[in-house]
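Q:
Numbering (our numbering), first residue to last: 409 to 625.
1) Measuring CA to CA, which of 610, 585, 554 is closest to residue 597?
2) Distance check for residue 501 and residue 440, CA to CA, integer angstroms please.
3) Helix, strand or coil: which one does DSSP assign to residue 618?
4) For a test of the three-state rule: what should DSSP assign to residue 626, helix, strand or coil?
5) How many whole angstroms separate the CB atoms of residue 463 and residue 450, which I take to be in contact at a CB cut-off of 8 Å?
6) Write down the C-beta distance between residue 618 and residue 595 rounded to the nearest angstrom, noting that I regard them as a contact closer than 8 Å.
7) Assuming residue 427 and residue 570 are in contact, meaning their beta carbons sit under 8 Å apart, how far apart are those beta carbons, in whole angstroms?
8) Quick one, which of 472, 419, 453, 490 has its alpha-carbon nearest residue 442's?
9) Would you kindly check if the distance between the Cβ of residue 565 and the Cβ of residue 468 is under 9 Å?
10) Would you give the residue range spanned by the beta strand (DSSP E) that residue 567 belongs to?
11) Per DSSP, residue 452 is paired with what?
12) In its own chain, which residues sit with a C-beta less than 7 Å from the C-beta of residue 535, not counting the 5 before and 5 after it?
13) Report back the beta-carbon spacing between residue 601 and residue 591 to the nearest angstrom; my notes put them in contact at under 8 Å.
14) Mapping the DSSP letters down to three states, classify residue 547 as helix, strand or coil.
15) May I ask whether a heavy atom of the ligand MN can be found less than 8 Å away from the beta carbon of residue 602?
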């Protein structure tokens, strides 16, 4: 993806947090009929070699499962917060009307090889980890053991585990960094009522810039 320097995100902790917060990924592969996209929740995990990777599962009936007899090159896209930015949010528009609408967003792209894992124990452990990750905000988290064991065994047989290596990673956080601090604060204020998370991200960046400026002086 096009990655201007001011929007590039290199902090691994920040990137891993985004993947954990927005785990539904778009997986794109090339099939005999062209490009194919799948939407699958993934976990960031360590593989047996101790390397970071992405793990998930797909239905055995999914045509993708039949193409995983050999490792498959894959592009994985995670999307975080996004918001339309109106020129009306820029205080400087009153002085200089040469502004246009844009879109702020967070995106992480991972290129790697997808392999199939069809081990029942591995798949059960994956299901337990996925459940723990996504049930933690519930008042009474659901657990695998809450369902009949025979039912879970049947589901286990009906899925194929997948693991995707992280061979190349790009992260882009477009948060109005190319605007003045004044305009960044204007965008944060304009989004505060209907896009509070994006507004907070922009305000944090504006605050960091102001602090950096004060320290420099």
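Note that beta-carbon positions come from the ideal geometry of N, C-alpha and C, so glycine has one too.
A: To lay it out plainly:
1) The shortest Cα separation from residue 597 among 610, 585, 554 belongs to 610.
2) 51 Å
3) helix
4) Any property of residue 626 remains undetermined from this structure, which presents the chain solely from 409 to 625.
5) 7 Å
6) Between residue 595 and residue 618 the Cβ distance is about 15 Å, and since that is not below 8 Å, they are no contact.
7) Contact doesn't hold; Cβ gap of about 15 Å is too wide.
8) 472
9) Taking 9 Å as the Cβ cut-off, residue 468 and residue 565 qualify as a contacting pair.
10) 567-573 is the span of the beta strand (DSSP E), which, as asked, contains residue 567.
11) 462
12) 552
13) About 18 Å; that fails the 8 Å criterion.
14) The three-state reading of DSSP puts residue 547 in coil, since its state is none of H, G, I, E or B.
15) Ligands are entirely absent from the displayed structure, and the ligand MN is therefore not among its contents.
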